[in-house]
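In our numbering, the protein residues as written are 3 to 195.
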């Protein structure tokens, strides 16, 4: 369903489990950034009613995920650390086409968000089947379903505001680029991406 070109290295989940405090902290910041990204789109494209109405509940849901991750950190007496530079997202942001029409700019942002959600969904699935902690396995299964829904929503919104064929072609470019990014990053168990 996600159509990712390169699956996550199977070692990632085991390494992440060994660095649970780091992965949960990074995950919390990812959820905060997801909410912020949607808020930014709402503010920038406030004249697009369907976009605003679709993204508004996602903002609330992503912030709810932030709170839930923070709860998991506190429950385990772990430290909520400082955010780190997200090299994965920086690489994706560099791939965003600059210029073009307003709708082309919107498409680029929606596709980048869709890709981040797709990769998160895939990683959450890995955690939901491999963690020893039963509560966290259930937690990540629930979030996996949510991220899959967000991924689909972002793609559908892009197709709503831009020619679907153009969106589909650009999506393939995004997928190929993301696979290269992931391959060159190596396995990092302290980060969600």
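Using N, Cα and C, we set each Cβ at its ideal position, and we do this for glycine too.
Computed from a predicted structure; not experimentally measured.
In this structure, residue 64 lies away from residue 30, with their beta-carbon atoms at least 9 Å apart.
Excluding five sequence positions before and after residue 142, the CB atoms of its chain that fall closer than 6 Å to its own CB belong to 126, 129, 130, given in chain order. In its chain, beyond the 5 residues on either side, 93 have a beta carbon closer than 6 Å to the beta carbon of residue 183.
Beyond the five residues adjoining it in sequence on each side, residue 56 comes within less than 8 Å, by CB distance, of 155, 159 in the same chain, given in chain order.
Separation of residue 19 and residue 135 (C-alpha to C-alpha, rounded to the nearest whole angstrom) is 9 Å.
The distance from the Cβ of residue 152 to that of residue 119 is about 4 Å, consistent with a contact at the 8 Å cut-off.
Using a Cβ distance threshold of 9 Å, residue 121 and residue 175 do not count as a contacting pair.
Residue 11 carries a coil assignment under DSSP once its states are collapsed to helix, strand and coil.
Within the model, the alpha-carbon separation for residue 97 versus residue 106 is close to 13 Å.
Distance from the CA of residue 23 to the CA of residue 104, rounded to the nearest whole angstrom, comes to 40 Å. Looking from the CA of residue 70, the closest CA among 17, 116, 33, 54 belongs to 33. At the C-beta level, residue 41 and residue 53 stay beyond 9 Å of one another. If you ignore the 5 residues before and after residue 83, its C-beta comes within less than 8 Å of the C-beta of 23, 24, 27, all in its own chain and listed in chain order.
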